[in-house]
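*Asks:* Pasting a structure below so you can have a look.
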Amino acid sequence: KKEPTRFLGEGISFKAKLIGILEVSEARGDRMCQAALADLKMAIRAAGEHKQRIIVQISIDGLRLRDEKSG
1 KKEPTRFLGE GISFKAKLIG ILEVSEARGD RMCQAALADL KMAIRAAGEH KQRIIVQISI
61 DGLRLRDEKS G
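Letter 24 of the sequence shown, counting from 1, is numbered 24 in UniProt numbering, and no numbers are missing.
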């Protein structure tokens, strides 16, 4: 399964839960990622909402996020 051709076409799909979207100041950094994730988790808990179930597709063309229910 380590063939690079697996990313051709629609690529590989994974089920996931979308916690939220947050703009960050830098593209790298473990601390920055942990802080952003903690902020998003607190916000979703405070709102009392469920996390959105999504499908993450990774291909040569890039990343695609799709809602699991509506496709």
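In this text, a Cβ means the ideal position worked out from N, Cα and C, and glycines have one as well.
So, at 8 Å on beta carbons, what are the nonlocal neighbours of K17 in its own chain, with the 5 sequence-adjacent residues on each side left out?
*Replies:* Excluding positions up to five away in sequence, the list reads K51, Q52, R53, I54.
*Asks:* Hey, which unbroken runs of the alpha helix (DSSP H) at 4 residues or more fall wholly within the UniProt domain "PID" (8 to 70)?
*Replies:* Listed in chain order, the complete alpha helix (DSSP H) runs (minimum 4 residues) inside the UniProt domain "PID" (8 to 70) are 30 to 47.
*Asks:* Does the distance from the CB of G20 to the CB of Q57 come in under 9 Å?
*Replies:* No, they are not a contact pair.
*Asks:* Cβ atoms of E23 and residue 79: under 9 Å apart, would you say?
*Replies:* Nothing can be reported for residue 79, as the shown portion of the chain is limited to 1 through 71.
*Asks:* Compute the distance between the beta-carbons of E68 and K2, then report whether it is under 9 Å.
*Replies:* No, Cβ-Cβ distance for E68 and K2 is not below 9 Å.
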